[in-house]
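*Asks:*
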Amino acid sequence: MTTAVETRDWGVEWAAALDELELDVVEVEAMLADERRLAETPPSNLWRPPTELGALPLELRPRADEILTRQLAAAEEIARRLTANRQQMAMTSRIETGEAVKRPVYLDCAM
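Using our numbering, read the sequence shown as starting at -16 and increasing by one per residue.
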């Protein structure tokens, strides 16, 4: 007699889990490609690894590695853009607009 655990197809369940994870990466990549969409899109739900699936089947390892590589590239691009944004904010904060400091327009040297 086989139990429900023995009849589960781990490969199919892992493939479904990788599909879900890959959709998250595709969404981030699309937002990075379209800054307007990035500003208007609320954050998505965090991906949670499936429970009770056991070890990743070897035939799915290349796909999992490719998804990980894409995730790392997206995270690196996000970090790069955050750094550029901070640098731009620091630069613009040093630009004198004349509004904060009132200086004389002319100097009377006749005195």
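Glycine residues also receive a C-beta, built at the ideal position from the N, C-alpha and C atoms.
Tell me whether G(-6) sits in a helix, a strand or coil according to DSSP, three-state version.
*Replies:* Helix, per DSSP.
*Asks:* Short of 7 Å in beta carbon distance, which residues of its chain neighbour I50, apart from the five on each side in sequence? Order them along the chain.
*Replies:* Same-chain partners within the cutoff: L1, L4, E5, V8.
*Asks:* I'd like the list of long-range same chain contacts for Q54, defined as Cβ closer than 7 Å, with 5 residues on each side in sequence excluded.
*Replies:* Within the same chain, Q54 has close Cβ partners V8.
*Asks:* Looking at L65 and W(-3), is the spacing between their C-beta atoms short of 9 Å?
*Replies:* The answer is no: Cβ separation not under 9 Å.
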